[in-house]
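Here is the structure we will look at, set down as structure tokens.
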Amino acid sequence: MKKIKITSGEFTFIARLEEEKSPESCKWLLSMLPWTDSMIHVSWSGHACFFRLQDRAWGVPYEGAPVRFPSKGEVLLYPGNRPEMQMGGELYFAWGPNAFSCDNGNLSGNHVMTIIEGLEDLEAFGQKVHIDGHQDTTLELLEG
């Protein structure tokens, strides 16, 4: 089982890569690591934050049963290959009650990671992103 370390300021989380559920999405994510980007809060979906992907993941297919209502700690990849719905893709981190959507309607994404360590701090991180604005966040493969 591969694990991803997610760090932002004082916050550190460890996530399990969901390769069985979303193999192509996980392969794409691994090709992006290490990755530092600006985490921003969602506008339409509730308690979640995300990285903007623009068109970087357009070649990633929908896999399994795409998720619309992720649980706290689940991370989704929305490839963004439906430009009529949303401008570009997202790597979407649920930190509380949410329903993945945009101003044009409902979205869904591939379940790529589940946070397995640090979950107790996820809401505080989400609130920080929500109140203070963008937070530089790094994802890296955890060796061993």
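Numbering (this note's numbering), first residue to last: 931 to 1074. Built from N, CA and C at the ideal position, the CB exists for glycine as well. This structure is a prediction, so every number in the text was calculated from the model and none was measured.
Between which two residues does the alpha helix (DSSP H) carrying Gly1056 extend?
1052-1062
Within the same chain, show all residues whose beta-carbon is closer than 7 Å to that of Lys957, passing over the 5 residues directly before and after it, in chain order.
none
Using the Cβ count rule (16 or more neighbours within 10 Å means buried), how would you classify Pro1009?
Looking at its Cβ environment, which holds 16 or more other Cβ atoms inside 10 Å, Pro1009 is buried.
How about Pro909 and Glu1070: are their beta carbons less than 7 Å apart?
Nothing can be reported for residue 909, as the shown portion of the chain is limited to 931 through 1074.
Can you check DSSP and say which residues form a bridge with Lys1002?
Within the DSSP secondary-structure output, Lys1002 pairs in no beta bridge.
How far does the beta strand (DSSP E) with Leu983 in it reach, from first residue to last?
976-984
Report, in whole angstroms, the separation of the C-beta atoms of Gly1039 and Val997, which I expect to be a contact under 8 Å.
That pair is a contact at about 6 Å.
Buried or exposed: which applies to Ala978, given that a residue is buried once 16 or more other Cβ atoms fall within 10 Å of its Cβ?
Buried is the call here.
Starting from Pro953, trace the alpha helix (DSSP H) both ways and give me its first and last residue.
953-962
Going by Cα to Cα distance, which pick from Ser938, Glu950, Lys933 is closest to Asp1077?
Outside the shown range of the chain (931 to 1074) lies residue 1077, about which nothing can therefore be said.
Measuring alpha carbon to alpha carbon, tell me which residue in Gly1019, Arg946, Ile944, Gln1065 is nearest Gly989.
Measuring from the Cα of Gly989, the nearest candidate turns out to be Gly1019.
Use the C-beta contact count for Leu1052: other C-beta atoms within 10 angstroms, 16 or more gives buried, fewer gives exposed.
Its Cβ being crowded by 16 or more others within 10 Å, Leu1052 is buried.
From Phe941 to Gly994, what does the alpha carbon distance come to, in whole angstroms?
31 Å
Would you mind stating whether Phe1055 and Leu1021 have Cβ atoms separated by less than 7 Å?
no
Measure the alpha-carbon distance for Arg946 versus Met931 and round it to whole angstroms.
7 Å
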